[in-house]
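First residue of the sequence shown? That's 279 in my numbering, and the numbers climb one at a time after it. The beta carbon of each residue, even a glycine, is placed where N, CA and C say it ideally should be. Below: the structure, in structure tokens.
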Amino acid sequence: FEGTYPLPEAQLDRFAVQVTFTQLSKSEEAAMLRRRLDRGSAEARLSAVTDAEQLVQMQNSVEQVTVHDDVLGYVVSLAAATRTHPKVVVGASPRAELDLVQLARARAVLEGRDYVLPEDVKALAVAAIGHRISLRPEMWVRSLRGVDVVEQLLAKLPVPRTPHD
């Protein structure tokens, strides 16, 4: 999330999720190179996987997913814990909470459910919140990252039980 200049917190907060890509294995790299050579062109051939109407339907299906109050409380507790953590200068914002809930709702749809489980929140919290946290300067020297703080908090916060558990 840094280029020539580090992004300010207000701009980092506008990214709903941070996706980290790992290095490919040697066999994956070779397969990637083979696919490119077999394609015979620098231009990738892409075909549509959906249309505008289906996309709107998918968005609407996410809006139909219910979130139990205890799950909302779990999200709020997690965000609040980032704001009071001794190693954090700037914790998760309300926008981070909104994004995490929406991501959890989308995950529920992908899992074939019309309700969010605490596990949906846990599965997405690091990606949705970790990049938004600003640590105290002395933590950078220790190589502590925002994602590390979120992982620590997830490990110690009590997970609510919902009617769907």
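Secondary structure note for V399: its alpha helix (DSSP H) is the uninterrupted segment 396-407. A Cβ-Cβ contact shorter than 8 Å links E375 with V354. Inter-segment contact for the segment 329-338 and the segment 393-413 is absent: fewer than three beta-carbon pairs are separated by less than 8 Å. Residue range 330-341 is occupied by the alpha helix (DSSP H) that includes V334.
Burial is judged here by how many other beta carbons sit within 10 angstroms of a residue's own beta carbon; L381 has at least 16 and is buried. Across the set R314, T360, P364, D347, the C-alpha of D347 shows the shortest separation from the C-alpha of V379.
Counting only the Cα atoms, V349 lies some 22 Å from D426. Around the beta carbon of D316, fewer than 16 other beta carbons lie within 10 angstroms, which makes this residue exposed. CA-CA distance, R420 to G318, rounds to 47 Å. Following the DSSP letters along the chain, one finds V427 inside the alpha helix (DSSP H) bounded by residues 424-434.
Shown here, S412 sits in a strand according to DSSP, grouped into three states.
Assignment of beta-bridge partners to V366 by DSSP yields L413. Under DSSP, the beta-bridge partners assigned to T344 are Y393.
Between P436 and the set W418, R423, V399, the nearest pair of CA atoms involves V399.
Where R314 is concerned, the enclosing alpha helix (DSSP H) starts and stops at 304-317. Under the three-state reduction of DSSP output, E375 falls in the helix class. Taking 8 Å as the cut-off, the Cβ atoms of V343 and V295 do not count as close.
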